[in-house]
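In what follows, a structure is listed as structure tokens, so that the remarks can point back to it.
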Amino acid sequence: MGIVRDTYQRCLLVRQILRTHLVKFVERDVFMSREVQKEIRERLGGVDTISVPQLFVEGNLIGDAEAVERLNESGELRSILKPFKSPDACTTCQVCGGYRLLPCPMCNGSKKSVHRNHFTTEMIALKCMNCDEVGLVQCYAC
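Here it is, written out as structure tokens:
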């Protein structure tokens, strides 16, 4: 998220607005996973280029950073997010530090799962089925 300054600033703005409203949210980096890219393209109606950030509430598209800021300034965002207000929304997870992702415990982030073949004594490396394409899993505490 910190690669393109303009995108980073827009993401920080939306994150701060959501924290101000005391809302727990899931933040996904579309550049780290093809599955997330595919999912957001489907949610946006099959567009070729993805502009980030995009805010979804209960699966419904709220909009990009400008739309979120506009709704926040008009007060509409408060009514949309009111059912999701949580007093512990601003606490940082002690396990992942707020990143919501951890290295895979099965392969330690290597994306390879080493198992012994029961028919021979050799070890074989298989693609780890527990983690995503960069060797991360969702934090169990979040």
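Be aware that the sequence shown starts at 1, since it is given in the numbering used here, and climbs by one per residue.
Built from N, CA and C at the ideal position, the CB exists for glycine as well.
This one's a predicted model, so the numbers in the text were calculated from it and none came from an experiment.
Asked: Which residues DSSP lists as bridging residue 60, in chain order; Found: 57
Asked: Those runs of the alpha helix (DSSP H) which lie wholly inside the stretch 56 to 111 and span at least 4 residues; Found: 65 to 74 and 76 to 81
Asked: Local conformation of residue 24 per DSSP, three classes; Found: coil
Asked: Distance between beta carbons of residue 107 and residue 22, contact taken as under 8 Å; Found: The Cβ separation is near 36 Å, so there is no contact.
Asked: Cut-off 6 Å between Cβ atoms - residues of its own chain near residue 96, not counting five sequence neighbours on either side; Found: 102 and 139
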